[in-house]
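Undergrad: Using the UniProt record's numbering, you'd call the opening residue of the sequence shown number 1 and step up by one each time. We put the CB at the ideal spot given by N, CA and C, even for glycine. As the structure is a prediction and not an experimental result, all values here were calculated from the model.
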Amino acid sequence: MDIIQVVDNLSEDMFERFKCAAETGKWPEGTNVDQAQRDTAMQIVMAYQARVLKSKEMLTVGENGEIVSKSKRELKAEFSNSQEQSSTPPEQNNIARFTDL
1 MDIIQVVDNL
11 SEDMFERFKC
21 AAETGKWPEG
31 TNVDQAQRDT
41 AMQIVMAYQA
51 RVLKSKEMLT
61 VGENGEIVSK
71 SKRELKAEFS
81 NSQEQSSTPP
91 EQNNIARFTD
101 L
């Protein structure tokens, strides 16, 4: 079975287990993961994110396996769209400034 078949049949719960193993080096129940298992878990996580989650991050792996990067213009457009959709009034959406330090 190749990695694409694994990803296509992977449940969300198993994805979370592989993600935990890749990130922490341990399975969720605390058992250590050896390096080969961790490498495989990382590959599965990356493939799952590309094929199933279709992540919208700046740098991702596309469905075809190619690295997808967004241009500065695309990132600015996404950021401005998310700001427009924010329900927080602009006067409350400011950075906290501490002047008494």
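Taking contact to mean at least 3 C-beta pairs separated by less than 8 Å, is the region 36 to 46 in contact with the region 68 to 81?
TA: Not touching, per the Cβ criterion.
Undergrad: Quick one: grab the DSSP three-state call for LYS76.
TA: Reduced to three states, the DSSP call for LYS76 is helix.
Undergrad: Taking 8 Å as the limit between beta carbons, can you name the residues of its chain near ARG51, skipping five residues before and five after?
TA: For ARG51, where only same-chain residues beyond five positions count, the Cβ hits under 8 Å are ILE4, VAL7, ASP8, GLU63.
Undergrad: Taking its Cβ as the centre, do 16 or more other Cβ atoms sit within 10 Å of PHE79, making it buried, or is it exposed?
TA: Classification of PHE79: exposed, given that the 10 Å Cβ count is below 16.
Undergrad: Which partner residues of ASN32 appear in the DSSP bridge assignment?
TA: Per DSSP, LYS26.
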